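Colleague: Handing you a structure now.
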Amino acid sequence: MKTSQMLIPTLREDPGEAEVVSHRLMLRAGMIRKTAAGIYTYLPLGLRVIRKIERIVREEMNRAGAQEVLMPIASPAELWRETGRWDFYGKELFRFKDRHERDFCLGPTHEEVITDLVRREVRSYRQLPLNCYQIQTKFRDEIRPRFGLMRGREFIMKDAYSFDRDEEGAKRSYQSMYDAYHRIFTRCGLTFRAVEADSGLIGGSSSHEFMVLADTGEESVVYTDDGAYAANVERAELPPPIDTPLEHARPLNKVATAGVGTVEEVAAYLKVEPHRIVKTLIYKAAKELVAILIRGDHTANEVKIKKVLGVMDLELADANTVMKSTGAPIGFAGPIGLQHVRVVADYAVKALSNFVVGANEVDIHYLDANWNRDFAVEQFADLRNAQAGDAAPRGTGTLKVAKGIEVGHVFMLGTKYSRSMNATFLDPQGQEQFAVMGCYGIGIGRTAASSIEQNHDAKGILWPVPIAPFHVHLLPLSQSAHVTQAAQSLYDSLTQAGVEVLWDDRDERAGVKFNDADLIGAPYHLVIGEKGLAQGTVELKERKTGEVKRIPPDVIPATISALIRDRA
RNA sequence: CGGGGCGUAGCGCAGCUCGGUAGCGCGCCUGCUUUGGGAGCAGGAUGUCGGAGGUUCAAAUCCUCUCGCCCCGACCA
């Protein structure tokens, strides 16, 4: 392709709206443009990358025995009402009505639609296992879309759904998708980690997230160096403390702590370590108020709290509610003397004695509080996020923390959807059974963005060969006849050899071409200049390393084909 | 939804405090020169100042409402 014939609107300056690297570079390289918040148009270069990733995904899905289908984007509310998700999915579901006032939504995921298909078409165990996938645009009206393709409201996703006769079969399907995901992200050139995850809104029993390790990631993962354990922080289970004898309890002691409310302030003011402070978080759990006790240096995990309390809705109480229920402003709540509020504490609190708590009075804290003497704890449980240095849940070692971008997620669904939608088949004994399901997603655009997060430098993108929009950027530095002729001949021979070439045929100065080429990030640049041609060579530059080789034009096609084959 | 910020030429921004001709850089168009890391000179085009209403002789500027966007927190591929 010639640059002059492609829409590649590169930007010299960073657009004001973009914060993270991948978003900035995709805009600057002319790959995407925003149409509305979280909704993007893919320009030719961006689309080429998307298509490359899709191709890899297709190949691996097919290899794993999944079949491609294409479900509708619009789906009727009835299906969603069957599983309860019409209400449960909430505001994130893009809803609309047709001319007859019937409710529809734009699909955020397709468990309902595929299960509806399968319950109609699958009668016998002989038709199972079945695994269908699609690559399609999804819609989720995210509270806060951000970071370009990283979190859009409209995005391209590969979603697959497996149906098996039994739990054993479902596990095999799950494993086969898990393995396929490994191959996909490896082929895309990403550094990633599969971690244990929570199954969230989709539901089901077990799940893994595929996390691309990058500082801009919105997720935190914990892992051990030996690789024996890796999980989303939200998910990582922390065991109860080993029963060690508590210190001798000192008398309870009230102290003035004027104007210091946060753990850091209290710690500094009273000269105690944050881990000797217990913070009391007042939550609204469904209709009732609950005090959650967490050690000062820990953070609460709302997913875990929801599970322990058995509620769906959980939010921190507002200032007024805290004032009313504890008698003091936020920052001074404590478990001692608290009325009409359940008290649930994290395991770590159980191992503490003589700690600091709020006194439910303005500017007052207690020193040397003890849970077994001064107040009643209804239950101790795992309520906090794992953090660096915690003991690993299973096996040996301590946990480390890293930031990650979730590019894929695999779930064991069990019979959650087949039951609620009555998707059954007849087993060999003629008995009706519910199909055992799994579902598997990959964010295609997010995968592209993640690659940029991991592969870029100050000048632009460094695409890995398999997903690069072009393999080679051909850069003739003059408009003279013999340079143009050399470019044409290289373009022809490379194209014939199956190499994808972007030919910068614009009448621009060398600097402009170099800078655009660095920005766009094709793995190889071919520079054709008068000087080189006079010596019978052109320059082959590897974008990533900057390494330059001067090579006679006639051996270029073979050289580049070999390089690309090695890295594909 | 809560908190913070921004909407002025294609892009990046100034002008707003203190009302009075709408500006700068880059890009774009024409010509000449130049041509290995974002050229020089000369000439030129481009604005409902996000929108609506109000105050005023006069509004980008002051007031009210509204829409959009970005950033920080609770959701997810």
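Numbering (the numbering used here), first residue to last: 752 to 1319. Glycine is no exception: its CB is placed at the ideal position from the N, C-alpha and C atoms. Predicted, not measured: the structure shown is a model, and the values here were computed from it.
1. Kindly list the residues whose CB is nearer than 7 Å to the CB of residue 1043, restricted to its own chain and excluding five residues on each side of it in sequence; keep chain order.
2. With respect to the beta strand (DSSP E) encompassing residue 1109, which residues constitute its N-terminal and C-terminal limits?
3. Are the beta-carbon atoms belonging to residue 915 and residue 879 less than 8 Å from one another?
4. Are the beta-carbon atoms belonging to residue 789 and residue 896 less than 8 Å from one another?
5. Could you spell out where the alpha helix (DSSP H) holding residue 1246 opens and where it closes?
6. Tell me the rounded alpha-carbon separation between residue 980 and residue 1144.
7. Kindly indicate which residue of 910, 764, 958, 928 has the alpha-carbon position closest to the one of residue 1165.
8. Taking 8 Å as the threshold, find out whether the stretch 1187 to 1198 comes into contact with the stretch 905 to 922 through three or more Cβ pairs.
9. Ignoring anything shorter than 3 residues or poking outside the stretch 853 to 938, list the beta strand (DSSP E) runs there in chain order.
10. Measure the C-alpha to C-alpha separation of residue 1007 and residue 1200 and round it to an integer number of angstroms.
11. Assign residue 1210 to one of three DSSP states: helix, strand, or coil.
12. With a cut-off of 8 Å on the beta carbons, I'd call residue 1100 and residue 1046 a contact; round off their distance for me.
13. Under DSSP, the beta strand (DSSP E) around residue 1276 begins and ends at which residues?
14. Can you look up residue 1092 in the DSSP assignment and give me helix, strand or coil?
15. Please state whether the Cβ-Cβ distance between residue 1070 and residue 1111 is less than 8 Å.
16. By the 10 Å Cβ neighbour count, where 16 or more other Cβ atoms means buried, how is residue 928 classified, buried or exposed?
17. By alpha-carbon positions, which one of 1183, 1176, 1202, 1175 ends up nearest to residue 1157?
18. Select from 1237, 1150, 1294, 1141 the residue whose C-alpha is nearest the C-alpha of residue 978.
19. Under 8 Å between the Cβ atoms of residue 839 and residue 857?
20. Tell me whether residue 1240 is buried or exposed, calling it buried when 16 or more other Cβ atoms sit within 10 Å of its Cβ.
21. Using the Cα positions of residue 983 and residue 1113, report the straight-line distance between them to the nearest angstrom.
22. Measure how close the beta-carbons of residue 1278 and residue 1290 come, nearest whole angstrom, since I'm counting them as under 8 Å.
23. Nearest-angstrom Cα distance between residue 813 and residue 884?
24. Would you check if there are 3 or more beta carbon pairs closer than 8 Å linking the stretch 799 to 816 to the stretch 936 to 944?
25. Could I get the ranges of all uninterrupted alpha helix (DSSP H) runs contained in the stretch 1131 to 1209, with 4 residues as the minimum, in chain order?
26. Can you name, in chain order, every residue of its own chain whose Cβ lies under 6 Å from the Cβ of residue 1255, other than the five neighbours on each side?
27. Measuring CB to CB, does residue 1222 end up less than 8 Å from residue 1275?
28. Using beta-carbon positions only, say whether residue 1014 and residue 1038 come within less than 8 Å of one another.
29. Taking the Cβ atom as the reference point for each residue, do residue 780 and residue 1271 lie within a distance shorter than 8 Å?
30. Shortest alpha-carbon distance to residue 994 belongs to which of 1036, 882, 841, 1104?
31. From the DSSP output, in three-state form, read off residue 1267 for me.
32. Drop a sphere of 10 angstroms on the beta-carbon of residue 758, count the other beta-carbons inside from all chains shown, and report buried for 16 or more, exposed for fewer.
33. Quick one: Cα of residue 1251 to Cα of residue 795, how far?
34. Between residue 1191 and residue 862, is the Cβ-Cβ spacing less than 8 Å?
35. Between residue 1004 and residue 1119, is the Cβ-Cβ spacing less than 8 Å?
Modeller: According to the structure data:
1. For the purposes of this step, residue 1043 is taken as residue 292 along the first sequence, with counting starting at 1. Residues 1032, 1034, 1051, 1056, 1095, 1134 of the same chain have their beta carbon placed closer than 7 Å to that of residue 1043, with the five preceding and five following residues left out of the count.
2. As a first step, residue 1109 is located in the first sequence; it is residue number 358 there, counting from the start. Note, residue 1109: beta strand (DSSP E), 1106 to 1109.
3. Along the first sequence, read from residue 1 onward, the residue named residue 915 stands at position 164. Along the first sequence, read from residue 1 onward, the residue named residue 879 stands at position 128. Residue 915 places its beta carbon less than 8 Å from that of residue 879.
4. Numbered from its first residue, the first sequence carries residue 789 at position 38. Numbered from its first residue, the first sequence carries residue 896 at position 145. Yes, they are a contact pair.
5. Within the first sequence, numbered from 1, the residue matching residue 1246 stands at position 495. 1232 to 1247 is the span of the alpha helix (DSSP H), which, as asked, contains residue 1246.
6. Start at 1 with the first residue of the first sequence, and residue 980 comes out as number 229. Start at 1 with the first residue of the first sequence, and residue 1144 comes out as number 393. So the two alpha carbons sit approximately 8 Å from each other.
7. Position 414 of the first sequence, counted from the first residue, corresponds to residue 1165. Of the candidates 910, 764, 958, 928, the one whose C-alpha sits nearest the C-alpha of residue 1165 is 958.
8. Segments in contact, yes.
9. Entirely contained in the stretch 853 to 938, the beta strand (DSSP E) runs reaching 3 residues are, in chain order, 854 to 857, 881 to 890, 905 to 915.
10. Translated into positions along the first sequence, residue 1007 becomes position 256. Translated into positions along the first sequence, residue 1200 becomes position 449. One C-alpha to the other measures close to 52 Å.
11. Counting from 1 along the first sequence, the entry for residue 1210 is found at position 459. In the structure shown, residue 1210 falls within a coil segment according to DSSP collapsed to helix, strand and coil.
12. Numbered from its first residue, the first sequence carries residue 1100 at position 349. Numbered from its first residue, the first sequence carries residue 1046 at position 295. Yes, they are in contact, since the Cβ atoms of residue 1100 and residue 1046 sit about 6 Å apart, within 8 Å.
13. Locating residue 1276 in the first sequence gives position 525, where the first residue counts as 1. In this chain, the beta strand (DSSP E) harbouring residue 1276 covers 1275 to 1279.
14. To locate residue 1092, count along the first sequence from 1; it is residue 341. Three-state DSSP puts residue 1092 in coil, outside helix and strand.
15. As a position in the first sequence, residue 1070 is number 319, starting the count at 1. As a position in the first sequence, residue 1111 is number 360, starting the count at 1. No, the Cβ-Cβ distance between residue 1070 and residue 1111 is not below 8 Å.
16. For the purposes of this step, residue 928 is taken as residue 177 along the first sequence, with counting starting at 1. The residue is buried, with at least 16 neighbouring Cβ atoms inside 10 Å.
17. Taking the first sequence and counting its residues from 1, one reaches residue 1157 at position 406. If we check each option's Cα against that of residue 1157, 1202 comes out closest.
18. To locate residue 978, count along the first sequence from 1; it is residue 227. Nearest Cα to residue 978 within the set 1237, 1150, 1294, 1141: 1150.
19. Position 88 of the first sequence holds residue 839. Position 106 of the first sequence holds residue 857. Contact: no.
20. For the purposes of this step, residue 1240 is taken as the residue at position 489 of the first sequence. Classification for residue 1240: exposed.
21. Against the first sequence, residue 983 aligns to sequence position 232. Against the first sequence, residue 1113 aligns to sequence position 362. The alpha-carbon atoms of residue 983 and residue 1113 are separated by roughly 38 Å.
22. Locating residue 1278 in the first sequence gives position 527, where the first residue counts as 1. Locating residue 1290 in the first sequence gives position 539, where the first residue counts as 1. 4 Å between Cβ atoms; contact.
23. Along the first sequence, one-based indexing puts residue 813 at 62. Along the first sequence, one-based indexing puts residue 884 at 133. A direct Cα-to-Cα measurement between residue 813 and residue 884 gives close to 9 Å.
24. Between the stretch 799 to 816 and the stretch 936 to 944, the count of C-beta pairs closer than 8 Å reaches three or more; the two stretches touch.
25. Counting only unbroken stretches of 4 or more residues, the alpha helix (DSSP H) elements lying wholly within the stretch 1131 to 1209 are 1167 to 1171, 1195 to 1205, in sequence order.
26. Residue mapping note: residue 1255 aligns to position 504 of the first sequence, counting from 1. Taken in chain order, the residues that qualify are 754, 1226, 1264.
27. Numbered from its first residue, the first sequence carries residue 1222 at position 471. Numbered from its first residue, the first sequence carries residue 1275 at position 524. Yes, Cβ-Cβ distance for residue 1222 and residue 1275 is below 8 Å.
28. Residue mapping note: residue 1014 aligns to position 263 of the first sequence, counting from 1. Residue mapping note: residue 1038 aligns to position 287 of the first sequence, counting from 1. Contact flag unset, no.
29. Counting from 1 along the first sequence, the entry for residue 780 is found at position 29. Counting from 1 along the first sequence, the entry for residue 1271 is found at position 520. Using a Cβ distance threshold of 8 Å, residue 780 and residue 1271 count as a contacting pair.
30. Here residue 994 refers to the residue found at position 243 when the first sequence is read from its first residue. Nearest C-alpha to residue 994: 1104.
31. As a first step, residue 1267 must be located in the first sequence, where it is residue number 516. Per DSSP, reduced to three states, the secondary structure at residue 1267 is helical.
32. Walking along the first sequence from the start, residue 758 turns up at place 7. That one is exposed.
33. Working through the first sequence from its first residue, we reach residue 1251 at position 500. Working through the first sequence from its first residue, we reach residue 795 at position 44. One C-alpha to the other measures close to 14 Å.
34. Counting from 1 along the first sequence, the entry for residue 1191 is found at position 440. Counting from 1 along the first sequence, the entry for residue 862 is found at position 111. Against a cut-off of 8 Å, the Cβ pair of residue 862 and residue 1191 comes out as no contact.
35. Sequence index remark: in the first sequence, residue 1004 carries index 253 (1-based). Sequence index remark: in the first sequence, residue 1119 carries index 368 (1-based). Yes. Within cutoff.
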